Structure formats: C-alpha cells, structure tokens
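Oh and the sequence shown: position 2 is 2 in full-length UniProt numbering, straight run, nothing missing.
Idealized CB from N, CA, C, for every residue including glycine.
None of the values given here were measured: they were computed from a predicted structure.
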Amino acid sequence: MLKNTRRIGTFSSTTMQLDFKLVTAPEIEEAVRIEEEGFPPDEAGSLETFRFRQSQAPDLFLGAYTSTSSLTESDSSTSSPSSDQPNLQLIGYVCSTLSLSKTITHASMSTHISHGRSICIHSVCVDKKYRRQGIALRLLKEYISRLQNNSNLYDRILLIAHEELIPLYENAGFTLVGKSEVTHGPRPWFEMRLDLKDEQ
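Structure representation (structure tokens):
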C-alpha cells in the first residue's frame, strides 16, 4: 500500500514545489474535474468510477499537490483547496485497482480484487494549467517508489497508453508489452508493464 506521507520536491525547470499524499474522498470531485479536462468524453472516468476506486483502493490513489499560496488569483477563484489540508491544491493524480491477472483486461478496468498482485493503473492526469512541467513523470516516479517499498504485497504494475505517451512511461521505468486487446474509445491502446519483483 502507499503510505499517506507527504514528500516535497522541487523541479529544476520551475520553482513550484510539489507535495504528494493520498487523495481523500472529499477530493474526488476535483480529481474528476481534472480527468474530464484531460481526456475525451469516451475515455474519461466518471464520478461514480472514481468514488469506487478511492473507496475500494484508497492506498493506490496518489495525488500531487501545490500550495494554494502559489496559485494566481484567477486560479484560486476556480479551485477549492483540499479539505484536510487547506493550504494544498490537488493538481494531478495516479489511481489504480488490484487484479489477479498478469495483463490488463476489460474486467480489471472496472473491478478491484483486494488480494490481487497486479496493480492496474487506470489514470495518470495533471491539471491542464500545470502540464509540460515534468509533473506527470515526477508523480509516476513517486508512485512507483512507494510501491517498490511494498513489493511484498505486489508483483507488477500494469497500464495501457496511447502510442504518443509510451516514451513518458518508458522514462518512468515501464516496458512496452504490445498492443492491448482492451478497447476504450476509438484509438488503440498499448500495454506497458513494470515488474516489482522477478517473475518466478
């Protein structure tokens, strides 16, 4: 599981500091807003889906936050800070559920098997105002680092991505498996994998 600890890091390309912690139930609507702005309607997860993921696998729902004091006045007028950390604003997240399968399947996209050994990442998304600053990669690396610290619980991390995003995930340590059989929207998906321990 991901420990709900806060870690702060600074990007070399910006003075913005990021805080990482688990996303809470009151923050789900904000996460869905980011999701809907980041994905086309036929790919974006619904509020119901996000609530399911957070309630069933809260330890696998990690957020990236920035201090609201660093937001501009216009940003602050359209954003609501985190309820449990009033000075933090959610600007990105990674959310997953667990599966028994060693590959991404249609079933693994909508279910959570609590004793599963495969972590299935469903969404990696950053608020459109903060994109192209390396936040997605930093968030992924933080996520992976926390999971590696609990490799006794999990065997692998799986995800599907569009072709143009393959380099991002390769930079985070994932390996391309091949074209996925999963259909979600009109475009093809490619499965990627990161082993947390050697396969037996």
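Query, Result
"Using DSSP with H/G/I as helix, E/B as strand and the rest coil, what is residue 179?", "strand"
"Can you tell which of 113, 30, 139, 192 has the C-alpha that lies nearest to the C-alpha of residue 57?", "113"
"Using a 10 Å radius around the Cβ and a threshold of 16 neighbouring Cβ atoms, would you call residue 127 buried or exposed?", "buried"
"Using the Cβ count rule (16 or more neighbours within 10 Å means buried), how would you classify residue 107?", "exposed"
"Taking the alpha-carbon of residue 153 as reference, which of 116, 49, 18, 91 has the nearest alpha-carbon?", "116"
"Consult DSSP for residue 169 and reduce its assignment to one of helix, strand or coil.", "helix"
"Would you kindly report the start and end of the unbroken beta strand (DSSP E) that includes residue 107?", "That residue, residue 107, is in no beta strand (DSSP E); it is neither H nor E in DSSP."
"How many Å lie between residue 50 and residue 198 at the Cα?", "31 Å"
"Note down the Cα distance separating residue 135 from residue 122, rounded to an integer number of angstroms.", "17 Å"
"Would you decide whether residue 163 is buried or exposed? Buried here means 16 or more other CB atoms lie within 10 Å of its CB.", "exposed"
"According to the Cβ coordinates, are residue 166 and residue 194 closer than 7 Å?", "no"
"What did DSSP end up calling residue 60 once you bin it into helix, strand or coil?", "helix"
"Have a look at 105, 130, 191 and flag the residue whose alpha-carbon is nearest the alpha-carbon of residue 16.", "130"
"Where does residue 21 sit, in a helix, a strand or coil, going by DSSP?", "strand"
"Just verifying my parser: in three-state terms, what is the DSSP assignment at residue 137?", "helix"
"What does the alpha-carbon distance come out to for the pair residue 53 and residue 33?", "16 Å"
"Applying the criterion that 16 or more other CB atoms from any shown protein chain within 10 Å of the CB defines a buried residue, is residue 118 buried or exposed?", "buried"
"Following the continuous alpha helix (DSSP H) through residue 45, name the residue where it begins and the one where it ends.", "Careful: residue 45 lies outside any alpha helix (DSSP H) and carries neither H nor E."
"Taking only three categories from DSSP, how would you classify residue 132?", "coil"
"In angstroms, rounded to a whole number, what distance separates the CA positions of residue 19 and residue 37?", "22 Å"
"How is the alpha helix (DSSP H) around residue 36 delimited, first residue to last?", "28-38"
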